[in-house]
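See below for the structure under consideration.
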Amino acid sequence: MKTPRILLLALGALFGASALHAAGELNLFGWSEYVPQDVLDGFTKETGIKVNFETYASNEEMLSKLVAGSGAYDIVQPSDYTAEVMIRRDMLAPLDPAKLPNLKNLSPELLHLPHDPAGKYTVPYMTGTVGIVVNTEKVKEPIKGYKDVFQAKYKDRLVVLADNRELVTWALYSLGLTSSDVSAASLAKARPIVAEWVKLVKVFDSDSPKTALLNGDVDIGVVWSGEAAILWNENKKFQYVLPSDGAHMFVDTLCIPATAKNRDAALQFINYILRPEVSKIISDKFPYTNPNLAARKLLSPEQLANPASYPASGKLETFRDIGKAAADIDKLVTDLKSAQ
Ligand code: N2P
Numbered sequence: 015m016k017t018p019r020i021l022l023l024a025l026g027a028l029f030g031a032s033a034l035h036a037a038g039e040l041n042l043f044g045w046s047e048y049v050p051q052d053v054l055d056g057f058t059k060e061t062g063i064k065v066n067f068e069t070y071a072s073n074e075e076m077l078s079k080l081v082a083g084s085g086a087y088d089i090v091q092p093s094d095y096t097a098e099v100m101i102r103r104d105m106l107a108p109l110d111p112a113k114l115p116n117l118k119n120l121s122p123e124l125l126h127l128p129h130d131p132a133g134k135y136t137v138p139y140m141t142g143t144v145g146i147v148v149n150t151e152k153v154k155e156p157i158k159g160y161k162d163v164f165q166a167k168y169k170d171r172l173v174v175l176a177d178n179r180e181l182v183t184w185a186l187y188s189l190g191l192t193s194s195d196v197s198a199a200s201l202a203k204a205r206p207i208v209a210e211w212v213k214l215v216k217v218f219d220s221d222s223p224k225t226a227l228l229n230g231d232v233d234i235g236v237v238w239s240g241e242a243a244i245l246w247n248e249n250k251k252f253q254y255v256l257p258s259d260g261a262h263m264f265v266d267t268l269c270i271p272a273t274a275k276n277r278d279a280a281l282q283f284i285n286y287i288l289r290p291e292v293s294k295i296i297s298d299k300f301p302y303t304n305p306n307l308a309a310r311k312l313l314s315p316e317q318l319a320n321p322a323s324y325p326a327s328g329k330l331e332t333f334r335d336i337g338k339a340a341a342d343i344d345k346l347v348t349d350l351k352s353a354q
């Protein structure tokens, strides 16, 4: 139960302000539509630590806010490649595994990935893929890859993520390249493809791309798998397809910025998230691929059979830190969108 404020004040008066601030507050900067409020409330109820929650819709948005120093965040939630950038730039604090006993619940396969080989700075939160959702009541032709999606006949019937790295990567995949083939020559080849594609899109939305599909505003989407899983739960007409011309998985993580003021509370929060019953609440609300094997055991057969949450894919690549090319990609897409 939460300690009544009056009691905290009395304790504060008796033992000095430090007792009052011992629990403190936690500033969480995370992806939108990803962390259920129930989980934050549960943590506060148990620990007395208030969680201030701010959201973002892309890694790049989070990174630029953090670099600008415009928020004192205790926890951030970068995807694999952005965690890699942050580690390279000394922006993350090393984690203390002794304070994270629930790490044992995670799939060992996800603990030593290329973005953080020693598992020193990042804890997997959720993983997922990016793929195509087709409203099969409206689209009868087979849609297998990006080239099938971005066709003139689907102009103004598409929703795609507002994510520059994603968009350019899909163009690279359609050329038979990988997400790390970002030389000037490769980006020059991708540019005219992206230029054509952006003209066809009706809605760019990374927060809730499912909405345009649910409303019937569009018939095809290229979206996060968790969004596709929610659509499938709503109506089986929404089919999820992993693009045949190239797909990737993402591993979104929890990390503590080097500038965090409340590292202890941050570790407490991460360990809380790793409890199976807490992690299950996240899967119930945002059905991405849960890396917590103990939590997966608590999911229903229906949840585990959702083809967007748990696709039958082989091993997919993850994005990597691409250094300066990230800025080139941002400029490429921004220019093409504003030329519309
Ligand atoms: C949540 C989006 C998470 C996926 N809305 C991005 N890696």
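Heads up: the sequence shown at position 154 corresponds to 168 in my numbering, and the numbers run straight through without jumps. Every residue gets a Cβ at the ideal spot worked out from N, C-alpha and C, and that includes glycine. The structure presented is a predicted model; accordingly, all values stated were derived computationally and were not measured.
8 Å contact criterion, which residue i and residue j should meet: CB distance rounded
{"i": "Leu370", "j": "Val137", "result": "Nothing can be reported for residue 370: it is not among the residues displayed for the chain, which extend from 15 to 354."}
{"i": "Asp259", "j": "Ser188", "result": "5 Å"}
{"i": "Ser220", "j": "Ser72", "result": "6 Å"}
{"i": "Leu114", "j": "Ile284", "result": "6 Å"}
{"i": "Val49", "j": "Pro271", "result": "With a Cβ gap of about 17 Å, Val49 and Pro271 do not count as contacting."}
{"i": "Val208", "j": "Leu181", "result": "6 Å"}
{"i": "Ile234", "j": "Ile157", "result": "7 Å"}
{"i": "Tyr101", "j": "Ala279", "result": "Checking the sequence shown, residue 101 turns out to be Ile, not Tyr. The pair is not a contact, with the Cβ atoms about 22 Å apart (cut-off 8 Å)."}
CA-to-CA distance, residue j to residue i, given in whole angstroms
{"i": "Pro321", "j": "Leu172", "result": "21 Å"}
{"i": "Asn249", "j": "Asn116", "result": "35 Å"}
{"i": "Pro206", "j": "Ser314", "result": "45 Å"}
{"i": "Ala82", "j": "Glu75", "result": "11 Å"}
{"i": "Lys169", "j": "Glu39", "result": "47 Å"}
{"i": "Leu218", "j": "Ser327", "result": "The sequence given here places Phe at residue 218; Leu does not occur at that position. Distance between the alpha carbons of Phe218 and Ser327 is about 26 Å."}
{"i": "Thr303", "j": "Gln354", "result": "36 Å"}
{"i": "Glu151", "j": "Thr183", "result": "28 Å"}
{"i": "Leu191", "j": "Val65", "result": "42 Å"}
{"i": "Glu47", "j": "Asp195", "result": "30 Å"}
{"i": "Gly337", "j": "Ile343", "result": "11 Å"}
{"i": "Arg310", "j": "Ala198", "result": "42 Å"}
{"i": "Ala243", "j": "Leu281", "result": "30 Å"}
{"i": "Lys299", "j": "Tyr254", "result": "18 Å"}
{"i": "Leu307", "j": "Tyr139", "result": "12 Å"}
{"i": "Trp45", "j": "Glu155", "result": "34 Å"}
{"i": "Ala341", "j": "Val265", "result": "22 Å"}
{"i": "Ser297", "j": "Glu291", "result": "10 Å"}
{"i": "Thr61", "j": "Arg179", "result": "38 Å"}
{"i": "Glu316", "j": "Pro325", "result": "13 Å"}
{"i": "Gly159", "j": "Glu210", "result": "16 Å"}
Buried/exposed call for residue i, threshold 16 Cβ in 10 Å
{"i": "His262", "result": "buried"}
{"i": "Glu241", "result": "buried"}
{"i": "Asp231", "result": "exposed"}
{"i": "Lys224", "result": "buried"}
{"i": "Arg103", "result": "exposed"}
{"i": "Asp52", "result": "exposed"}
{"i": "Asp88", "result": "buried"}
{"i": "Ala339", "result": "buried"}
{"i": "Lys167", "result": "exposed"}
{"i": "Asp55", "result": "exposed"}
{"i": "Pro128", "result": "exposed"}
{"i": "Leu318", "result": "exposed"}
{"i": "Ser78", "result": "exposed"}
{"i": "Asp335", "result": "buried"}
{"i": "Ala112", "result": "exposed"}
{"i": "Pro301", "result": "buried"}
{"i": "Pro92", "result": "buried"}
{"i": "Pro122", "result": "exposed"}
Check whether residue i and residue j have beta carbons under 7 Å apart
{"i": "Ala97", "j": "Thr348", "result": "no"}
{"i": "Phe164", "j": "Leu214", "result": "yes"}
{"i": "Leu245", "j": "Val147", "result": "yes"}
{"i": "Ala204", "j": "Ala185", "result": "yes"}
{"i": "Leu42", "j": "Pro305", "result": "no"}
{"i": "Lys251", "j": "Asn149", "result": "yes"}
{"i": "Tyr286", "j": "Phe57", "result": "yes"}
{"i": "Tyr95", "j": "Cys269", "result": "no"}
{"i": "Ser239", "j": "Gly133", "result": "no"}
{"i": "Val212", "j": "Leu346", "result": "no"}
{"i": "Val153", "j": "Val236", "result": "no"}
{"i": "Phe333", "j": "Ser193", "result": "yes"}
Residue i at chain B interface by Cβ criterion, 7 Å
{"i": "Lys167", "result": "You won't find chain B in this structure, because it holds only one protein chain."}
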